[in-house]
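Residue numbering for the sequence shown follows the working numbering, beginning at 101 and increasing consecutively.
Presented below is the structure to which this report refers.
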Amino acid sequence: MFLLGRIGSVSATLFLAFIMATAMLVALGLYWPTMLNYILDIAELVEQWLTHTGLPDRYNNFVRLFLGDEQLAFLFFTILSRIIIAIVGSLFTRALTPKSKIDRAFG
101 MFLLGRIGSV SATLFLAFIM ATAMLVALGL YWPTMLNYIL DIAELVEQWL
151 THTGLPDRYN NFVRLFLGDE QLAFLFFTIL SRIIIAIVGS LFTRALTPKS
201 KIDRAFG
């Protein structure tokens, strides 16, 4: 039973992170387009750095194929939203769980 709850929790977190990342990307593009342009420029620089690392062509072709600057920018927003979800979730969990003996002893 614990495994199904854990899988459901992880799936919900991933889905929520995807929705939040998309919303942050769209909101940034609408309300602060210069910042989005800056983030896309940085993602393009990271893509160029990753594709020119001197890997053999059989690996570098896959890096170039699957790693674009748009994917890197979206990955940045996804990681940022997962961090936000983790902070909010841990604060929520901490507020709902009763204090243990160790927590009572050390504050």
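Cβ coordinates follow ideal geometry from the N, Cα and C atoms, glycine included.
Same chain, Cβ closer than 8 Å to residue i, five either side skipped, listed in chain order
{"i": "E170", "result": "L140 and A143"}
Residue interval of the alpha helix (DSSP H) (run including residue i)
{"i": "L167", "result": "Careful: L167 lies outside any alpha helix (DSSP H) and carries neither H nor E."}
{"i": "L140", "result": "P133 to T151"}
Cβ-Cβ distance between residue i and residue j below 8 Å
{"i": "L128", "j": "L136", "result": "yes"}
{"i": "V163", "j": "L150", "result": "yes"}
Cβ-based neighbour list, residue i, same chain, cut-off 7 Å, excluding 5 preceding and 5 following
{"i": "L172", "result": "A143, V146 and E147"}
{"i": "A121", "result": "F174, F177, T178 and S181"}
Per-residue DSSP class, three states only, for residue i
{"i": "G108", "result": "helix"}
{"i": "T197", "result": "coil"}
Exercise. Three or more C-beta pairs closer than 8 Å, one from the stretch 149 to 169 and one from the stretch 108 to 123: is that the case here?
Worked result: These segments do not touch.
Exercise. Touch check for the stretch 178 to 185 and the stretch 150 to 161: three-plus C-beta pairs under 8 Å?
Worked result: By the Cβ test, the stretch 178 to 185 is not in contact with the stretch 150 to 161, since fewer than three Cβ pairs between them sit closer than 8 Å.
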